[in-house]
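Novice: Residue numbers (the working numbering): 16 to 174.
Using N, Cα and C, we set each Cβ at its ideal position, and we do this for glycine too.
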Amino acid sequence: VEEVYYYHEGKSIDALIIPELKYAVMSLNNNKIIIVDYAKKPSFKLFDEIRLKGISRRLIYEKGFLFYFTDLGEMYKYDLKTKDNTLLYACGKRITDFVMFNGFIVYSTGDGEIIKRNSLNGTTKKIKINDNLVINLLQFNFNKLICGTFKGEILIIKV
Numbered sequence: 016v017e018e019v020y021y022y023h024e025g026k027s028i029d030a031l032i033i034p035e036l037k038y039a040v041m042s043l044n045n046n047k048i049i050i051v052d053y054a055k056k057p058s059f060k061l062f063d064e065i066r067l068k069g070i071s072r073r074l075i076y077e078k079g080f081l082f083y084f085t086d087l088g089e090m091y092k093y094d095l096k097t098k099d100n101t102l103l104y105a106c107g108k109r110i111t112d113f114v115m116f117n118g119f120i121v122y123s124t125g126d127g128e129i130i131k132r133n134s135l136n137g138t139t140k141k142i143k144i145n146d147n148l149v150i151n152l153l154q155f156n157f158n159k160l161i162c163g164t165f166k167g168e169i170l171i172i173k174v
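In structure tokens:
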């Protein structure tokens, strides 16, 4: 361990390092996302703290923006330059995980659905996983996902 940043107000759910900006981003169990600037380590500076209505289980960085879903079904886009936080989409369902690729957002819900949403036109395609709950999603190849389920199964699904 080279350097340590201590944060005692919550526990990390997801973490993301953005090397080109020298930011460490953490989603926490206290309904916050913190962005820490580590450019001058061993000193660390809290760049921003985003207060949420729910927990964010996954953080994705793409082209200067931080994307996250809360477990309340709201997807946000946070601009790291301006600190603007914009609600992009609200599905009204508990979200367990999501991925983004090729203009699509694919997310899993607490009621066992996987939903593929076109970012441009908003159309959706639903995939129902019977009697199971997908808790983790990973993109695999162009149109496949590896899904980890609550029952301990690993599924490969074409989306």
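State the Cα-Cα distance for the pair LEU61 and ILE50, rounded to the nearest angstrom.
Specialist: Straight-line Cα distance between these residues: approximately 6 Å.
Novice: Which same chain residues end up closer than 8 Å to PHE80 when comparing Cβ atoms and leaving out the 5 residues on each side of it in sequence?
Specialist: Cβ neighbours of PHE80 beyond the five flanking positions: LYS92, TYR93, ASP94, LEU95.
Novice: Please return the same chain residues whose Cβ sits closer than 7 Å to the Cβ of LYS47, not counting the five positions on each side in sequence.
Specialist: Once the five neighbours on either side are set aside, the close Cβ partners of LYS47 are GLY25, GLU64, ILE65, ARG66, LEU67.
Novice: Could you work out which residue in GLU89, VAL149, TYR104, SER134 is closest to SER123 when comparing CA atoms only?
Specialist: Nearest option by C-alpha distance: VAL149.
Novice: If I measure Cβ to Cβ from TYR76 and keep anything under 7 Å in the same chain, skipping five residues before and after, which residues do I get?
Specialist: Only LEU31, ILE33 meet the Cβ criterion.
Novice: Grouping DSSP H, G and I as helix and E and B as strand, with all else coil, what is GLU89?
Specialist: Residue state, collapsed to three classes: strand.
Novice: Helix, strand or coil: how does DSSP classify ARG72 here?
Specialist: Of the three classes helix, strand and coil, the one that applies to ARG72 here is strand, per DSSP.
Novice: Given a cut-off of 8 Å, decide if ASN158 and LYS173 are closer than it, judged by their beta-carbon atoms.
Specialist: Closer than 8 Å, so yes.
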